[in-house]
Amino acid sequence: MNESSAAPRESAELRALIDQRYADVMAACRAARIPLHDDAGVAERVRRTLLASDFAYDILRRQPELLAPAGLEKLRANTDASTRGATLELPADEERCMAVLRRFRHAEAVRLVFRDVNGLDDIDETLASTSALYETLLAVGLRWSENAMHARYGIPRDPGGKEQRMVVLGFGKLGGNELNFSSDIDLVLAYASGGDTDGTRPLDNGEYFVREGRQLVRLLAEPTVDGICARVDLRLRPFGNAGRLALPFSAMEQYYQREGRDWERYAWIKARPVAGDRTAGRELQDMLRPFVYRRYLDYTAFAGLREMKALIDAEVARKDLAGNLKLGPGGIREIEFVVQLTQMIRGGRDPALRVRGLLPALRACESRGYIPKARAKLLRDAYIFLRRLENRVQMLRDAQTHDIPDDALSRERLALGLHYASWDALAVELAKHRTAVSAEFAAVLVPQAGQTATAPAADIELWQAARDESLTAGTMEASGFIPGAEAADELGKLPRAGSVRSMSARSAERLERLMPQLIGAARASASPVPSLLRMVRLVQAVARRSSYLALLDEQPSARRRVASVFAESAFLAERVIAQPLLLDDVLDPRIDQIPLKRADISAEIVRSLGTLDERDAERELERINEFRSSIAFRLGLAFSDGRADAPATARRLAGLAEAVIGAVLALAAREMTAQHGRLPGDGLGFAVLGYGSLGGEELGFASDLDLVFVYDGKRANATSDGPRPVDGTRWYQRLAQRVMHWLGAQTHAGSLYDVDTRLRPDGSKGLLVASVDAFEAYQRDRAWTWEHQALQRARFVAGDAAVGAMLDAVRKEILGAPRDKARVFAEVGAMRSRWRAERDRSDAARVDLKQGKGALIDIEFVLQGLVLAHAAGHPGLLETTANSVLIDEMRAAGLFSQAQADTLHVAHADLLQMGLTCTLDLRPRVAARTPQLEQLCAAVQRVIGELGFDFGESAAAEAKAV
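Counting from 258, one number per residue, gives the positions in the sequence shown under this note's numbering.
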């Protein structure tokens, strides 16, 4: 809207027209003895209404009572038509009923014009109020039709005798609650099930609802002396004009499963019940949701959108609609396509996108990070501008049009009504928005050439040679794949793979177009041969999944990114091959928006589980696994790209594991409660402790989880209150077993984590779950020094926070007890020497990054030994389990010099970095002895000696004695 401070002035011709029409309306008021008091600028508001709408002029002359005091109150009222429609009484006579409906619609439509042009409603409110008007007309019209039909044929019932009602589903702008002023209304009519009416002239339900539908359409759409109520379009129903007017739910489900087309999926995005049995309508929507929103990310939606756009473009060319506000280039439909494409692709996975209406859907796409903020603002501004202009074009003469009028006077009226100084000023703004929308639509529909990209002829020939079984190692090497033997062999096998030979014709066509592109992308990567070999395996894995082929086919940036990741990281490549769903994470526009805090990750898991249509343990575990894999993969990409360092990555992986454990524990507790009931008391009474790399917040990409399960012993002898009650000890034992099982269970998405519980009291000989008292007694009376070392890294990660607090107090009490420093150092040194002898894989040429001299475990043992020796005097050392934080705490406590702390910090970060890099390369955490690595490890060893630890020969002798 133009924000000009001065109101634009009309031409003499327009001023004369408004003056004459205002005089005509006043004359009609006087003839009807209706007083008009200009006590609140009524005259100016009426004149603005007449400026904007010939339709309003015609209705005000015919219904001057709309300007009576009571009428003006309705015009000013901010309640929509549903309030007044609820008390609307329709005569039993059909002709009189139609007259009442039309006069009601006219009065309400004038109210919409009056409020819009006088700034009483914004465009959102105008569109929503228009939608409410037509919903009201449908509701009262259906009620009248039902009464008339019931009187003739009785009430329709299902075979069990339950009353059946029509379900009226609104599509398009009506479904989106954003209806144009003079739009038609797209409807689909349905009913729940077959049966018969119960009257003296019974009808089959199918025939009954067809007749009721015809009656409803006649009431609203048949022209009379008063015009029509609504233009009704029923062509979106199954089989279009050739299909029955109303169908039972079973027939609709069968149609969409077997016959449903892409354009129908787009149409159903906005569908909602607008009249009749709305509860049944929502059940139908739930039934058809898998048709609209696919379980996996659906990049085949691009092809469907292209087909729809091609049909629209053909119509635009045939009918010369280039200036059409809806269908023309840069028009409303292109904005809708951009947003709906995102909904179609991702709505099956992300329920936040399953919203109707363009602006709410755009907000959802923006808030979820799928549409960048700048693009969202551009589309939003253009949409609001175009819809306001479109609505004013229709208000002008109540015509279902999306074309700008040709005559200068009408254009002047539009411009002045929208507060532009002239039509030329408005036209400049219109052109700006349309150009911007066209550019955005082209970028989304055919990103960076997309399907139109042509592979180099040489790569097409390579793929053809692979198909012809004539591909040789020499040919591959000449093309840049060195060595070429394995590449030629694997590429040659691909066309004959069973998954490829059984592809559909459409997928096979897509593969023919895609493979030369993948060959070129692999060649351009850092490691062409590994990249190509892994992509061949990926193609075999997804050959029967058209959506994933479509992703690679449609998105050139995805091809390049996949080739790069496959060249640089064997680990990430294997994850994608095993779980092709991760392909989306390669291209996800939200790649930099990874949830990093445990609370955020937990909230995302809850949201993700909320997308499931069926909440059963197996499906939920699969979804948790998919979510974990996605976040871990994105963390791997961030680390591989250098966007995150090793300590941050390890810490975030630990936070992810915590959130997953919490989700699995909640699921297990829910299942236990369903089977055995709850135990008395507040909270769950159960906690999970993370040890090792999880407890120390240094988790790797392939780390297992060291877990210990503890429960509140006060509930040991209590009995659960469910159908199969058990005592507390058994309840918690089964809960722990279920958590263990589910963390390691294989689903379609793989398993979550390998779990190790041997750090529990008495190790593998002890019970899987211990009471808090038993845990404390063991740590105080029977635990070895190495177990107290392990306890230093233990922390609460899931379960009942009250039990977690008890365990934290136990940990601090045990670790804070005074100890003999010399004995602690000797025992820590002895255990370190033993571990090194048993586990160090270092040799003359390589260093074990974890177990080698001066490596990560040496740093860990030094920190643990110092905690055990000094925590009694420095309790602040017990506030953290993370090594990097602990180094700073020890420097602050005077246990390290600044130089020693710096040495350990650098070594810890660098060794962690190298270790994670090895994991991403699927290599053991063993690195070549470079001068830099030797120097790093030697520096750590110097600090170890300066602090008084001995992890060498004398410690080894003591270790043997122990």
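All residues carry an ideal CB built from backbone N, CA and C; glycine is no exception. It should be emphasised that the depicted structure is a prediction, and the values quoted were computed from it without experimental measurement.
- Annotated three-state conformation of F958 is coil, per DSSP.
- Pairing S268 with A309, the inter-Cα distance amounts to about 15 Å.
- In this structure, G517 is the residue among A532, G912, G517 and T1014 with its C-alpha nearest to the C-alpha of L545.
- By the neighbour-count criterion, in which 16 or more other beta carbons inside 10 Å mark a residue as buried, D337 falls on the buried side.
- Across the set V1124, T1176 and T1138, the C-alpha of V1124 shows the shortest separation from the C-alpha of F1153.
- Here H1005 has E879 as same chain residues with Cβ atoms under 6 Å from its own Cβ, once five neighbours each way along the sequence are excluded.
- Sequence-distant partners of R603 (beyond 5 residues in either direction) whose C-beta falls short of 7 Å from its own C-beta, in its chain, are L554, L610 and Y627.
- The segment 1011-1059 is shown to contain whole alpha helix (DSSP H) runs of 4 or more residues at 1029-1038 and 1042-1049, in chain order.
- N974 counts as exposed, since fewer than 16 other C-beta atoms from the protein chains shown sit within 10 angstroms of its C-beta.
- Separation of W720 and K630 (C-alpha to C-alpha, rounded to the nearest whole angstrom) is 41 Å.
- A direct Cα-to-Cα measurement between P837 and A1166 gives close to 32 Å.
- For the set N648, A693 and K689, the Cα lying nearest the Cα of L671 is the one of N648.
- The Cβ atoms of D519 and G484 do not sit closer than 8 Å to each other.
- Check the Cα spacing between A1027 and each of D276, G970 and A699: the tightest is with G970.
- Scanning the segment 477-551 from its first residue to its last, the whole beta strand (DSSP E) runs of 3-plus residues come out as 503-505 and 529-533.
- Nearest in C-alpha terms to R758, of all of A722, V796, V786 and A730, is V796.
- In the three-state DSSP reduction, I442 falls in the strand class (E or B).
- Less than 8 Å separates the beta-carbon of D1115 from that of I1201.
- Buried is the label assigned to V694, since at least 16 other Cβ atoms lie within 10 Å of its Cβ.
- Look at the segment 1077-1160 and you find these whole runs of alpha helix (DSSP H), each 4 residues long or longer: 1078-1096, 1113-1127 and 1140-1149.
- Non-local C-beta neighbours of A688 in its own chain, meaning closer than 6 Å and more than five positions away in sequence, are absent.
- Approximately 6 Å separates the beta-carbon atoms of G940 and A1059; this is inside 8 Å, confirming the contact.
- Within the segment 910-981, the runs of alpha helix (DSSP H) that reach at least 4 residues and sit entirely inside it are, in chain order, 949-952.
- K634 and K583 have their C-alpha atoms some 19 Å from each other.
- Per the DSSP secondary-structure output, A1184 pairs in a beta bridge with V1104.
- When DSSP states are grouped into helix, strand and coil, R422 belongs to the coil group.
- With contacts defined as CB atoms closer than 8 Å, T557 and S804 qualify as a contacting pair.
- Separation of L653 and C486 (C-alpha to C-alpha, rounded to the nearest whole angstrom) is 17 Å.
- Each of E464, G1130 and H363 was checked against the Cα of V482, and the nearest Cα belongs to H363.
- Inter-segment contact for the segment 308-327 and the segment 340-351 is absent: fewer than three beta-carbon pairs are separated by less than 8 Å.
- Every unbroken stretch of the alpha helix (DSSP H) spanning 4 or more residues and falling wholly within the segment 361-443 is given here in chain order: 380-410 and 429-432.
- DSSP, reduced to helix, strand and coil, places D841 within a helical segment of the structure shown.
- In the structure shown, the three-state DSSP call for D461 is strand.
- The beta-carbon distance between L1064 and A1156, rounded to whole angstroms, is 36 Å. This is too long to meet the 8 Å contact definition.
- CA-CA distance, Q1198 to F1118, rounds to 12 Å.
- For E726, there is no enclosing alpha helix (DSSP H), as DSSP gives it neither H nor E.
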